[in-house]
Each structure stands twice: as structure tokens, then as C-alpha cells.
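Novice: Residue numbers (this note's numbering), protein chains in the order written: chain A, 1 to 222; chain B, 1001 to 1205; chain C, 2001 to 2193.
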Amino acid sequence: MTETTVEKPSSLRMIISLTLVSILSGIAVVSVYLYTKPIIDENKRRAIEAAVLKVIPDAAGYQPFLLEDNTLKPATDSKTKGLLFYAGYDQHKQLVGLAAPANAQGYADKVYIIYGYRFDCECITGVKVIKHAETPGLGDKVITDQSFVANFDALDAKVNVEGSALQNRIITVKHGAKTNPWEIDAISGATITSRAIGKALDIGAGQLLPQVLKFRDQLEAQ
Amino acid sequence: MLDDKITSETFWEGVWENNPVFVMLLGMCPVLAVTNSTINALAMGLATLFVLLSSSLLVSLIRNWIPKQTRIAIYIIIIATFVTVVDYVIQAISLDLYNALGAFIQLIVANCMILGRAEAYASKVPPVKSLVNALGMGVGFTIALLCLGSVREILGSGTLLGFDLFGEHYQQWVVMILPPGGFFVLGGWLLLFEWLRQRKEQEES
Amino acid sequence: MEPTGLDFIFFNAFLASNFVLALFLGLCPFLGVSGKLETAFPMGIATMVVMLISSVCAYFINQILVSYDIEYLRLISYIAVIASSVQLVEMTLKKFTPGLFRSLGIFLPLITTNCAILGLALFQTFKEYNFLQSLVYALGAGAGFTLAILLMAGMRERMDLARLPSVTQGAALSLMIGGLLSLSFMGFAGLGS
């Protein structure tokens, strides 16, 4: 150290230096935030678009909607509360299905998925895992394992006659024990993650589908 | 006493002799947490390198100007600013990468290596020298991360940078990409270096 | 147990997602201060106290940040709060219980660069916990940290008495023990689901 004076700097100088550094850091952070925000939003939109079009096989485009207090409205701001879902339309602008996010507690943390639903077969047509923290090589088999993914080619999700809930709750069964079209055949060695996906679907679809079906005409008119 | 002369030692110190991970055992959290694949390790290493370089340069530039009593607070603000910048830039580059690294990008702030460099080195030497030293430290850190990441990926997934190495009959050693594997592989590297060091000592004596 | 239930949050942070052994947070004190049981225990407790304080602060700060739409200042404000709360704990201890302050000594400032504290603040934000959930999460994480560091210290004290090859002495052995501990804690994963 070269300084020999140990005199105490005035508190004013300390305050000024701290304030100055804080202001500069604030400016730096804000400018980077403003510059990257459009790029990040575009990335997120593209990720959602890819997921939505993947889980509704025949869809060519989609519209985001919000269900709130039994009313349907277009989703504009992601921050408003309500059930978010994406209505999928084919190239003739005909309503084919919908996609919606869902999540459930898995092995390590929550598993976030987007699932697709088709109106004609009343079934779930695809599941895409958006974010997970499951064991690599075990839990992430739910993405790569072909026989597990085949569970969602046409997973029964009929709404009951009263239109209040799913006719059969979606459940995950042990590997090889699947007998009904609303059951998910778990991966052996990744049962908990398989179950998490089943639970997410059961809760998510069970809550959303009975409500959405009331607005089917409105969605088709869009 | 640190003089202002730049020697090759200024750079190489961080890469080998005082490697932040293998010798000084600093910044262990990201070292173990995000090294389950080579690409994650590389991204983390580069992000840390960037924060280290820019904070060292800035601290060194303003070293004569900030009052002693508030210096730690100022260092922390500077580091946190650069980490926030890196956080947003990585989000803009690739969301997948961002999701894979998780909160550990933001946790670079708490990497004691960076604050340690600012306090013990950058605040005492001119900008160019601190930059060279930070580069060495950052490269050393990245190399250490790569050492762990590649070993863990090869053993745990049978791949390197995503390319399949052994064909489909390879029985993956899954524990290596799980948390315990991080401890084991780093422990293994430390054993190897200690063994090499002791052998060299014996040869010399 | 429901994933949002307080019991689940506590046990998840305490055992299944143990901050040290599963998430690799707070490794510096875990390796550095785990040599003796008598220093490991106060370190664990001090960390837990700081965790509780910063968790409460982080919760309210996040409320403010969200209501003004300035989440990009989150990291900077969190780290500033943690640094100040450590300072606060330090000064309070020094004034009211000088004995305890002396025994903790150098460990207190070290807590600032303990990524477990910042990690806790960030994770409770990402998981969107409410006030009570955040508090329980901090309690579980702190207890988990204390448990891990105590287990480690107990084993290292025994290791001092064992005859070991000279190569294994030092950090390498601690890491191997950490690996075994981490392996056994994986048995808790999936708890309650």
C-alpha cells in the first residue's frame, strides 16, 4: 500500500461515493435490461409457440386466452390472474384444440409442462416438459422415452355429463399396468417424475377443461 | 508488497500455481453445481470470467478514489451489477442454457473468488496488471470447471459436448451427474494433484 | 404432503433438497469451518439466524420491487440487504452478548459470501412462496445447513485420529466424505410425493 495517511474521510465523501456508484450501476442495469428485454420476450414467445404447435399436432396458429371468473378474454398481459391457455387453429382457421401450462411437484422440484388437448377425440394429444430439475438420466426419461411419450398420443380426458370435472381422473400406474385409456404407464426407475406429469395433467386439465368447454362456440368464432 | 510490473507470473499464477478451484478451493458452489455437462461448465466459466475481468478492471480504475470504509460495499455493488448484466445477456442468447444454469448465474455474486480478487489484488495494482491477473484466474477457473464437467459428462452420460462416445451399450454411471458425483470427481482431481505434488517433492529430495 | 404445505417445505429444504448436499450452496463454510464440532455448531446457528432475517427482508423487498415493476434490481438489492443484515447481527451480538460474539469471531463476516443465504433469497422468490412459507423455508434450509455441517464435523473429528495415507489428507478427503453424505441424503429425495 502506498498511502501513508490514515485520516478518516468525511461521511459526506462516503455517502457521495456510494451514491455515485449506485446511480452508475442502476443506469448500467437498466440499459442492459431495456436492450435485452425484446430479445428475451421474443425467445420466450418462440419457445411457447414451438411447444404449443408441437402438442396440438394439427395446429398452424394459436391465440392466448384467459379464463377469469367464468369469463373468457384474450390474454394480453401475462401478469393478470386467471387460467391461461392457448387455443390452436388449423390452416383453415378452424378450432382444433388447446394447449395449457400445468405443473406438479416432482422428484427434486416442480415439473412444468405444456399439454395439448383435441376437441374431436376429447383427449390429450401431447405433453412437452418446459422446465424441470429432475435427475439427469433418470427423471428426464419422461422427455426421451418413446413408450412413455406414446402415453400422450390419445390420453382420454373426457369431461363428465354434468360438465363439472373429468369423467375419469388421470392417474399414473406402475409400468406395464395400464389398462384404461385415461391411465399413464409410468417409466420404471422414474416413477415419481412420471407421477408428477400425471398429477399436473389431472389437476390442470381437471380444472381447465370443464370450464373451457362452455366457451367452445366463442372460441370457434375467433 | 505488490509492485506494478507485469510478468508472466501475473497471468500464470491463476491458471496453475494458485488455481482458484484446485489450490485455493474458492467458488466451490458453481464448481460442483453446474458441472454435470461440459457445455454448462463452459458457459458458467465464461460468465464468471467476464464478471471477474470487468469488476477487476473497474475496481482497479477507481482504487485511489473510493474511501476505505465503503470499499467492500462498492465492490459488491459493482460485482452485482455485472452479474445482472450477464444474467440478462445469457437469457437473450439462449433460454435453454439459462434454464440449465438456473439460479447459479445470479449466485456468481456470492463467489468468494471475485470479491477476494477485488479486495486483495485489483484494489492495489494498476488496471492493466489487474486485468492480466483476472484473465489468468478466470481461465484457471474455467479450466477447472471443464475438467470436472467433461469427466462427469463422459462417465455419467457417455457423451462429450453432446456427442455419443461409447455407443448405446454403454452403461451410464448416473451417479456422476448427480450431486454426489460432483464431490467425488473434485475429490478425485485433488487426490491426483496431491499425489503428483508429493511425487515431485520426493524426486527433488 | 402437499407441495405448498409448510411441513413439506420444511422437510424438503431440511433433507431432500438439503442446501449443502443436494444444491451445493454454502460449500465454503461447509469445508472450511467443519473441522471441529464446537465451531461448527455456532456457525450453523449463526447462518440460520442470518437466513431467517434475510428471508424476511427479501420477501418484503420483492413485494416492493414487483409492485413497481423493477425486478431487474432484485439481485443488487438482495445482496445489499444480506451484507447489511450480517453487519446488523454482528453489531447486536457485540453489544449484547460479547461472549458469543468472541466465540463466533471471524465466521460472521464470512456469512456474507455464503451463497446459501443469497440462494435462499433467490429460491424463495422463484418458488413464489408467501411470507409464512418463506419463513419456514428459511428455517428448514438453516436447519439443513446445521445438520450437514455437524455431520461433517463429527466425521472429520474421527478422521483426525485415523491413520490415513498422506495423499488423502486435506480437502480431497473432506470432499469424498461430502460425496458419501450427499449420496445418503439422496435417499430422502422424492419425500412426501
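For every residue, glycine included, the Cβ atom is placed at its ideal position computed from N, Cα and C.
1) Please state whether the Cβ-Cβ distance between residue 1108 of chain B and residue 1051 of chain B is less than 8 Å.
2) Which partner residues of residue 61 of chain A appear in the DSSP bridge assignment?
3) By how many angstroms is the C-alpha of residue 2101 of chain C removed from the C-alpha of residue 2094 of chain C?
4) Taking its Cβ as the centre, do 16 or more other Cβ atoms sit within 10 Å of residue 1130 of chain B, making it buried, or is it exposed?
5) Just tell me which of A/128, A/155, A/162 has its CA closest to the CA of residue 172 of chain A.
6) Anything in chain A within Cβ reach of residue 1089 of chain B, meaning under 8 Å, just list it in chain order.
7) Name, please, each residue of chain B whose Cβ falls closer than 7 Å to the Cβ of residue 2076 of chain C.
8) Could you name the residues of the same chain whose beta carbon sits closer than 6 Å to that of residue 1166 of chain B, not counting the 5 residues immediately before and after it, in chain order?
9) Tell me which same chain residues have a C-beta within less than 7 Å of the C-beta of residue 90 of chain A, skipping the five on either side of it?
10) In chain A, what lies closer than 7 Å to residue 1010 of chain B by C-beta?
11) Around the C-beta of residue 1185 of chain B, are 16 or more other C-beta atoms found within 10 angstroms, so that it is buried, or is it exposed?
12) Is residue 1121 of chain B helix, strand or coil by DSSP?
13) Can you list the residues of chain B that residue 28 of chain A reaches, using a CB-CB cut of under 9 Å?
14) With H, G and I counted as helix, E and B as strand and the rest as coil, what does DSSP make of residue 1068 of chain B?
15) Does residue 1041 of chain B come within less than 8 Å of chain A when only Cβ atoms are used?
16) Apart from the five residues just before and just after residue 1024 of chain B, which ones in its own chain have a Cβ nearer than 8 Å to its Cβ?
17) Which residues mark the beginning and the end of the beta strand (DSSP E) in which residue 103 of chain A is found?
18) What residues are listed by DSSP as bridge partners for residue 118 of chain A?
19) DSSP beta-bridge partners for residue 1163 of chain B?
20) Going by DSSP in three states, residue 236 of chain A sits in which element: helix, strand or coil?
21) Does chain B have any CB closer than 8 Å to the CB of residue 2070 of chain C?
22) Under 8 Å, Cβ to Cβ, is there at least one residue of chain B near residue 18 of chain A?
23) Does DSSP put residue 2047 of chain C in a helix, a strand or coil?
24) Please confirm whether residue 2135 of chain C and residue 2085 of chain C have their CB atoms less than 8 Å apart.
25) Using alpha carbons as the reference points, say which of B/1037, B/1103, B/1190, B/1120 lies closest to residue 1059 of chain B.
26) Can you list the residues of chain A that residue 2073 of chain C reaches, using a CB-CB cut of under 8 Å?
27) Within the continuous alpha helix (DSSP H) that includes residue 1096 of chain B, where are the two ends?
28) What residues of chain C sit near residue 1198 of chain B, judged by a beta carbon separation below 9 Å?
29) Note down, in chain order, every chain B residue with its Cβ under 7 Å from the Cβ of residue 2182 of chain C.
30) For residue 2006 of chain C and residue 2020 of chain C, I'd like the C-alpha separation in whole angstroms.
31) If you measure beta-carbon to beta-carbon, which residues of the stretch 1061-1073 of chain B are closer than 8 Å to chain A?
32) Answer with buried or exposed for residue 128 of chain A, where buried requires no fewer than 16 other C-beta atoms within 10 angstroms of its C-beta.
33) Which of the three DSSP states, helix, strand or coil, is assigned to residue 1 of chain A?
34) Quick one: give me the first and last residue of the alpha helix (DSSP H) that residue 233 of chain A is part of.
35) Hey, is residue 1095 of chain B's beta-carbon within less than 8 Å of any beta-carbon in chain A?
36) Run through DSSP, which three-state label would residue 2081 of chain C get?
Specialist: Checking against the coordinates, here is how it stands:
1) The residue labelled residue 1108 of chain B in the question sits at position 108 within the second sequence. The residue labelled residue 1051 of chain B in the question sits at position 51 within the second sequence. Cβ distance < 8 Å, so residue 1108 of chain B and residue 1051 of chain B count as in contact.
2) Counting from 1 along the first sequence, the entry for residue 61 of chain A is found at position 61. A/89, per the DSSP bridge assignment.
3) Your numbering for residue 2094 of chain C matches position 94 in the third sequence. Your numbering for residue 2101 of chain C matches position 101 in the third sequence. So the two alpha carbons sit approximately 5 Å from each other.
4) Counting from one through the second sequence, the residue named residue 1130 of chain B turns up at place 130. Its Cβ being crowded by 16 or more others within 10 Å, residue 1130 of chain B is buried.
5) Stepping through the first sequence from its first residue, residue 172 of chain A is reached at position 172. Checked all of A/128, A/155, A/162; the closest Cα to residue 172 of chain A is A/155.
6) Against the second sequence, residue 1089 of chain B aligns to sequence position 89. Simply 32, 36.
7) Reading the third sequence from its first residue, position 76 is the one you call residue 2076 of chain C. Neighbourhood of residue 2076 of chain C in chain B, by CB distance below 7 Å: 1077, 1080, 1081, 1084, in chain order.
8) Locating residue 1166 of chain B in the second sequence gives position 166, where the first residue counts as 1. Closer than 6 Å at Cβ, skipping near neighbours: 1158.
9) To locate residue 90 of chain A, count along the first sequence from 1; it is residue 90. Within the same chain, residue 90 of chain A has close Cβ partners 58, 59, 60, 96.
10) Numbered from its first residue, the second sequence carries residue 1010 of chain B at position 10. Within 7 Å Cβ-Cβ: nothing; residue 1010 of chain B doesn't reach chain A, min ~19 Å.
11) Position 185 of the second sequence, counted from the start, is the residue given in the question as residue 1185 of chain B. Label assigned to residue 1185 of chain B: buried.
12) For the purposes of this step, residue 1121 of chain B is taken as the residue at position 121 of the second sequence. Residue 1121 of chain B falls in the helix class under three-state DSSP.
13) The residue labelled residue 28 of chain A in the question sits at position 28 within the first sequence. Within 9 Å Cβ-Cβ: 1081, 1082, 1084, 1085.
14) To locate residue 1068 of chain B, count along the second sequence from 1; it is residue 68. Helix, per DSSP.
15) Translated into the one-based positions of the second sequence, residue 1041 of chain B becomes position 41. Closer than 8 Å: no.
16) As a first step, residue 1024 of chain B must be located in the second sequence, where it is residue number 24. 1018, 1113.
17) The residue labelled residue 103 of chain A in the question sits at position 103 within the first sequence. 95-105 is the span of the beta strand (DSSP E), which, as asked, contains residue 103 of chain A.
18) The residue you call residue 118 of chain A lines up with position 118 of the first sequence. A/97, A/123, per the DSSP bridge assignment.
19) Working through the second sequence from its first residue, we reach residue 1163 of chain B at position 163. The partner list for residue 1163 of chain B (beta bridge, DSSP) reads B/1160.
20) Nothing in the structure corresponds to residue 236 of chain A, since chain A is present only between 1 and 222.
21) Here residue 2070 of chain C is taken as the residue at index 70 of the third sequence, counted from 1. So no, residue 2070 of chain C is outside the interface.
22) By one-based count along the first sequence, residue 18 of chain A stands at place 18. With 8 Å as the cut-off, residue 18 of chain A counts as an interface residue toward chain B.
23) To locate residue 2047 of chain C, count along the third sequence from 1; it is residue 47. Helix.
24) Locating residue 2135 of chain C in the third sequence gives position 135, counting from the first residue. Locating residue 2085 of chain C in the third sequence gives position 85, counting from the first residue. Contact flag unset, no.
25) Taking the first residue of the second sequence as 1, we reach residue 1059 of chain B at position 59. The residue with the shortest Cα to Cα distance from residue 1059 of chain B is B/1120.
26) Start at 1 with the first residue of the third sequence, and residue 2073 of chain C comes out as number 73. Within chain A, the residues near residue 2073 of chain C are 26, 29.
27) In the second sequence, counting from the first residue as 1, residue 1096 of chain B sits at position 96. Element bounds for residue 1096 of chain B: 1095-1101.
28) In the second sequence, residue 1198 of chain B corresponds to position 198, counting from 1. The answer, in chain order, is 2166, 2167.
29) To locate residue 2182 of chain C, count along the third sequence from 1; it is residue 182. Within chain B, the residues near residue 2182 of chain C are 1179, 1180, 1183.
30) Here residue 2006 of chain C is taken as the residue at index 6 of the third sequence, counted from 1. Here residue 2020 of chain C is taken as the residue at index 20 of the third sequence, counted from 1. For residue 2006 of chain C and residue 2020 of chain C, the distance between alpha carbons rounds to 21 Å.
31) 1065, 1066, 1067, 1068, 1069, 1070, 1073
32) Here residue 128 of chain A corresponds to residue number 128 of the first sequence, with the count starting at 1. That one is buried.
33) Reading the first sequence from its first residue, position 1 is the one you call residue 1 of chain A. Residue placement at residue 1 of chain A cannot be trusted, given a pLDDT of 40 that sits under 50; what the coordinates show is reported in the next sentence. In this structure, residue 1 of chain A counts as coil in the three-state DSSP scheme.
34) The question about residue 233 of chain A has no answer, for chain A in this structure spans 1 to 222.
35) For the purposes of this step, residue 1095 of chain B is identified with residue 95 of the second sequence, where counting begins at 1. Answer yes: the Cβ-Cβ gap between residue 1095 of chain B and chain A drops below 8 Å somewhere.
36) Translated into positions along the third sequence, residue 2081 of chain C becomes position 81. Helix, per DSSP.
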